[in-house]
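Right, one structure below, let's go through it.
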Amino acid sequence: MKLSSDILLRPIISEQSTEHVDLKKYVFEVRPDVNKIEIKKAVEDLFGVKVQKVTTLNMKGKTKRLGRHPEGKRKDWKKAVVKLTDASKTIEFFEGLT
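Start counting the sequence shown at 23; every next residue gets the next number (the numbering used here).
The structure is reproduced here in structure tokens:
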């Protein structure tokens with residue numbers, strides 16, 4: 023059984039993701055093997071909010087080079103965009119970012 027704290031790896035804080043905080047959309051990096059139902063349950067358990075919708079994206083790792091050495095590749099990862107209901111409170115972690 024996966025713990026809620028193991029499912030959500032870290033919040034994604036970027037210019038684009040902070041614009042969606044007003045719409046109650048939050049972006050997280052999650053484990054690649056979890057599904058939308060597990061993500062929804064983890065967010066509701068950790069932050070005490072009500073989730074309306076979860077959207078997931080599988081992100082491909084970028085290829086990188088260091089000088090003349092052969093190409094390497096960053097790891098693939100999974101991103102989840104979580105939309106809260108209108109009646110739900112906001113997540114306090116993201117409050118001071120906008």
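By construction, the Cβ of each residue, glycine as well, lies at the ideal position given by its N, Cα and C atoms.
Cα-Cα separation between residue i and residue j, rounded to whole angstroms
i: Val-76; j: Val-103; result: 6 Å
i: Ile-59; j: Arg-90; result: 45 Å
i: Lys-86; j: Arg-96; result: 7 Å
i: Met-81; j: Lys-100; result: 6 Å
i: Ser-36; j: His-42; result: 10 Å
i: Lys-84; j: Glu-93; result: 10 Å
i: Leu-88; j: Lys-62; result: 39 Å
Top-ranked residue by Cα proximity to residue i, from the options
i: Val-49; options: Thr-78, Asp-108 and Gly-94; result: Thr-78
i: Ser-71; options: Leu-31, Asp-28, Ser-110 and Ser-27; result: Sequence inspection shows Val at residue 71; the Ser mentioned does not correspond to that position. Per the Cα distances, Ser-110.
i: Lys-47; options: Val-56, Asp-55 and Pro-33; result: Pro-33
Sequence-distant residues of its chain with Cβ nearer than 8 Å to residue i (five each side left out)
i: Asp-28; result: Arg-53
Residue i - partner residues in DSSP beta bridges
i: Pro-92; result: According to DSSP, Pro-92 bridges with nothing at all.
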